[in-house]
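Please read the structure below before turning to the comments.
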Amino acid sequence: MKPKLLFNIAQSLLMARWRQTLIAAVGVTFGITMFIALLSFMSGLNDLLDGLVVNRTPHIRLYNDIRPRQHQAVTKWPAYKNDYPIISSLKSGNVRQEIYNSGPIIQDLEQNKQVLGVAPTITAQVFFNDGTVAINGVINGIDVAAERKLFFFDDYIVAGKSSDLNTIPNSIILGKALAEKLVANVGDVVQITTSTGTIFQLKVVGYFQSGLNDFDKAQSYASIQTTQKILGKSSLYITDIRIKLHNINEAPALAKTFGRIYGVDAEDIQTANSQFETGSFVRSLISYAVGITLLIVAGFGIYNILNMMIYEKMDTIAIMKAMGFSGRDVKTIFLVIAIGIGLFGGGTGLLAGYGLSVVINHIPFHTAALPTVKTYPINYNPLFYIIGISFSLITTYLAGWLPARKASKIDPVVIIRGK
Amino acid sequence: METILEAVNIVKYFYDPVKVKVLDGVNFSITKGDFVSIVGKSGCGKSSLMYVLSTMDTDYEGEVKIDGVSMQRKKEKYLAKIRNEKIGFVFQFHYLLNEFTVLRNVMLPGLKLNRYSEKEVEARAYEKLQTLGIGELALKNAARLSGGEKQRVAIARALINDPDIIMGDEPTGNLDKKNSELVFDIFKQLSQQLNQTMLIVTHDPDFAAKTNRIIRMEDGKIVDEQR
Numbered sequence: 145m146k147p148k149l150l151f152n153i154a155q156s157l158l159m160a161r162w163r164q165t166l167i168a169a170v171g172v173t174f175g176i177t178m179f180i181a182l183l184s185f186m187s188g189l190n191d192l193l194d195g196l197v198v199n200r201t202p203h204i205r206l207y208n209d210i211r212p213r214q215h216q217a218v219t220k221w222p223a224y225k226n227d228y229p230i231i232s233s234l235k236s237g238n239v240r241q242e243i244y245n246s247g248p249i250i251q252d253l254e255q256n257k258q259v260l261g262v263a264p265t266i267t268a269q270v271f272f273n274d275g276t277v278a279i280n281g282v283i284n285g286i287d288v289a290a291e292r293k294l295f296f297f298d299d300y301i302v303a304g305k306s307s308d309l310n311t312i313p314n315s316i317i318l319g320k321a322l323a324e325k326l327v328a329n330v331g332d333v334v335q336i337t338t339s340t341g342t343i344f345q346l347k348v349v350g351y352f353q354s355g356l357n358d359f360d361k362a363q364s365y366a367s368i369q370t371t372q373k374i375l376g377k378s379s380l381y382i383t384d385i386r387i388k389l390h391n392i393n394e395a396p397a398l399a400k401t402f403g404r405i406y407g408v409d410a411e412d413i414q415t416a417n418s419q420f421e422t423g424s425f426v427r428s429l430i431s432y433a434v435g436i437t438l439l440i441v442a443g444f445g446i447y448n449i450l451n452m453m454i455y456e457k458m459d460t461i462a463i464m465k466a467m468g469f470s471g472r473d474v475k476t477i478f479l480v481i482a483i484g485i486g487l488f489g490g491g492t493g494l495l496a497g498y499g500l501s502v503v504i505n506h507i508p509f510h511t512a513a514l515p516t517v518k519t520y521p522i523n524y525n526p527l528f529y530i531i532g533i534s535f536s537l538i539t540t541y542l543a544g545w546l547p548a549r550k551a552s553k554i555d556p557v558v559i560i561r562g563k
Numbered sequence: 020m021e022t023i024l025e026a027v028n029i030v031k032y033f034y035d036p037v038k039v040k041v042l043d044g045v046n047f048s049i050t051k052g053d054f055v056s057i058v059g060k061s062g063c064g065k066s067s068l069m070y071v072l073s074t075m076d077t078d079y080e081g082e083v084k085i086d087g088v089s090m091q092r093k094k095e096k097y098l099a100k101i102r103n104e105k106i107g108f109v110f111q112f113h114y115l116l117n118e119f120t121v122l123r124n125v126m127l128p129g130l131k132l133n134r135y136s137e138k139e140v141e142a143r144a145y146e147k148l149q150t151l152g153i154g155e156l157a158l159k160n161a162a163r164l165s166g167g168e169k170q171r172v173a174i175a176r177a178l179i180n181d182p183d184i185i186m187g188d189e190p191t192g193n194l195d196k197k198n199s200e201l202v203f204d205i206f207k208q209l210s211q212q213l214n215q216t217m218l219i220v221t222h223d224p225d226f227a228a229k230t231n232r233i234i235r236m237e238d239g240k241i242v243d244e245q246r
């Protein structure tokens, strides 16, 4: 038995009813197109929204928290060794915010294979002086190269260049809202007062916009060296070590390990932002549900058309059986028809889905939150296309299976006698 | 004489709407080269007998032997192969596949049998059509033929695999006088020139009268046989 013959017959039956076939295929095409476009778009948006959090948040942050000393004097007193002291009006002690041995810790972290990169930072509370007004603000001392590599710092710079922080001494990048308040243009000099009363002049080399206006009203960035100078600290002074890992899911476990080894507080991203994962999961779930619903509806379309075709082709099926085609041959023919529709409809659906994605990707989309994003985001993940075509083939196969089985079971005697 | 087809004590019931015995112990055999007609009134079971003999109907008691092999308890796929290889059908309605050309219709059983290459099957199909005088219709669409032409194409299709026996269920039942005669002449020619074995169910006495052997049925039994 040559499969070619069955394909040939399936093809002839298809072509004889090409309008119906086309409509069935268009149903599948529509389903796959929407599936691909929807998933690419939703996934693109998800990545974008996740990026808002994940891009700028370290997977693990090492720092010294302000809190009461764990070992109070009374617990060390031998006479009270077996007692449980109750201390009232306990105050947080004068904990040094500096991380001890920051240099060796950073070196050690950079050797660690699980760590993608390390960015040391310092935060300094300052006042920006604008005439008679003093505006409360924060200067973040950063390692510009690490910040660019790990936290996409350049994506948020709306004016100037981040590298100027390294090349121009005593320079600062202001939050856009803060710069507006200070009426400071790029190239201007702003004056700051530190908490210890020291006055500094800093040159504005750029603006950044994070998307959170409140954040932009108070934040600014300078190089680590400049910030150390402002605070009057040595070149070893580091208050935070921000770490990015290769695998974000290892963060909670590693945070505990790092905290214990280096004797510092360690916070992981999952603890700091527990809600964002839930959001992206639900969004993916919804888009998959809608996409699969579309395909199932298309499947019912195919089921209908094949069923109708079988009623129309009763005579053909009966005579083919009389001529010596077995039930299995007939079943194969109708399954080939169904899968043919699925393949054709699915294939065009993939192309149309890609086309629609490209169109969406060119629709302007401006948001204050993401200054670098100009159009709607699309995730061109090949996985969606693989899922799409597999699902279209599976749906059409299942939709074709019942009618094909029915056709294979047709009793030729009943049809031929019935006339 | 070589026996092609043998029926041994065939009993068949219809169950819908009530249990009716349509075939009541039919025994007969057909030898090679026989040109047999089965006649009888409507409802006497002649068509039912033919469908049992054709292997398409498997719901019966007794035994059908084709070329000496019992068809009892054989798988559907095996029976399909037997029909393809050893039996050619001509029905009252031509049952050509309208999706295909005349030539392709004739070729289909041959392609299914896969004994010859596609080229050879095509050549054989042409030859059969020529023999039946409709060679010029080969490339026409099957739907555009007249009733008589269609029936001749159906005969060509029945012949393509050189079957042991041709079975016809009222092959002239739907044709006018002229076409009926034409079709009968073809059968006659097949019988005389090619020594083709044929079993034709008919209620046309003129047709039956011209065959070599007439089997008359009544109430599911063979009541009379003439040679």
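Keeping their order, the protein sequence lines are chains H and B.
Take any residue in the first sequence, count from 1 to its spot, add 144: that is its number in the working numbering.
Take any residue in the second sequence, count from 1 to its spot, add 19: that is its number in the working numbering.
Note that the Cβ used here is the ideal one computed from N, Cα and C, for glycine as well.
Contact with chain H by residue i, beta-carbon distance below 9 Å
i: Ala99(B); result: yes
i: Pro36(B); result: no
i: Leu132(B); result: yes
i: Lys96(B); result: yes
i: Arg176(B); result: yes
i: Asp188(B); result: yes
i: Phe226(B); result: no
Range covered by the beta strand (DSSP E) that runs through residue i
i: Leu206(H); result: Ile204 to Tyr207
i: Val282(H); result: Val277 to Ile286
i: Lys207(B); result: From DSSP, Lys207(B) is part of no beta strand (DSSP E) but of the alpha helix (DSSP H) over Lys196 to Leu213.
i: Thr216(B); result: Thr216 to Val220
i: Lys400(H); result: No beta strand (DSSP E) contains Lys400(H), which is instead part of the alpha helix (DSSP H) from Ala395 to Tyr406.
i: Gln335(H); result: Val333 to Thr338
Residues sharing a beta bridge with residue i, DSSP
i: Leu82(B); result: In the sequence under discussion, the amino acid at residue 82(B) is Glu, which differs from the Leu named in the question. Paired residues: Val27(B).
i: Arg386(H); result: Arg205(H) and Ala263(H)
i: Phe110(B); result: Answer is none; Phe110(B) lacks a bridge partner.
i: Ser379(H); result: Per DSSP, none; premise fails for Ser379(H).
i: Pro508(H); result: Thr519(H)
i: Met236(B); result: Gly59(B) and Ile241(B)
i: Ile185(B); result: Gly107(B) and Met217(B)
Opening and closing residue of the alpha helix (DSSP H) in which residue i lies
i: Ser470(H); result: Here Ser470(H) belongs to no alpha helix (DSSP H), and DSSP marks it neither H nor E.
i: Asn218(H); result: Looking at the sequence shown, residue 218(H) is not Asn but Val. Residues Ala217 to Lys220.
i: Ser66(B); result: Lys65 to Leu72
i: Lys148(H); result: Pro147 to Ala160
i: Asn256(H); result: Where Asn256(H) is concerned, there is no enclosing alpha helix (DSSP H), given that its DSSP letter is neither H nor E.
i: Ser534(H); result: Pro526 to Lys553
i: Gly166(B); result: Gly166 to Leu178
i: Val129(B); result: Checking the sequence, you will find Gly at residue 129(B) rather than Val. Taken as a continuous stretch (DSSP letters only), the alpha helix (DSSP H) holding Gly129(B) covers Val121 to Leu132.
Per-residue contacts from residue i into chain B (C-beta, under 9 Å)
i: Leu479(H); result: Result: empty, since nearest Cβ-Cβ is about 17 Å, beyond 9 Å.
Partners in chain H for residue i, counting only beta-carbon separations shorter than 8 Å
i: Pro128(B); result: Met467 and Gly468
Assigned exposure category for residue i - 16 Cβ within 10 Å defines buried
i: Asn280(H); result: exposed
i: Asn103(B); result: buried
i: Glu80(B); result: exposed
i: Gln216(H); result: exposed
i: Gln215(B); result: buried
i: Glu82(B); result: exposed
i: Gln372(H); result: buried
i: Ala142(B); result: exposed
i: Tyr381(H); result: buried
CB contact below 9 Å: residue i versus chain B
i: Arg427(H); result: no
i: Met452(H); result: no
i: Ser156(H); result: yes
i: Ile176(H); result: no
i: Ala551(H); result: no
i: Ile153(H); result: yes
i: Ala462(H); result: yes
i: Val194(H); result: Per the sequence presented here, residue 194(H) reads as Asp, with Val not at that position. Chain B contact via Cβ: absent.
i: Leu166(H); result: no
Residue i at chain C interface by Cβ criterion, 9 Å
i: Asp223(B); result: The displayed structure is made up of protein chains H and B, and chain C is not among them.
Residue i: contacting residues in chain B (beta-carbon distance under 8 Å)
i: Pro556(H); result: Met75
i: Ala160(H); result: Asn117 and Glu118
Neighbour list for residue i in chain B, Cβ cutoff strictly below 7 Å
i: Arg472(H); result: Lys96
Contact test: residue i Cβ vs the ligand SAM heavy atom, cutoff 8 Å
i: Val121(B); result: You won't find the ligand SAM in this model; it holds no ligand whatsoever.
Proximal chain H residues relative to residue i, where beta-carbon distance stays under 7 Å
i: Ser66(B); result: Arg561
i: Asn103(B); result: Met467 and Gly468
Proximal residues of chain H, C-beta to C-beta of residue i below 9 Å
i: Phe54(B); result: Under the 9 Å cutoff, chain H gives no residues; its nearest Cβ is about 21 Å from Phe54(B).
i: Phe33(B); result: Under the 9 Å cutoff, chain H gives no residues; its nearest Cβ is about 11 Å from Phe33(B).
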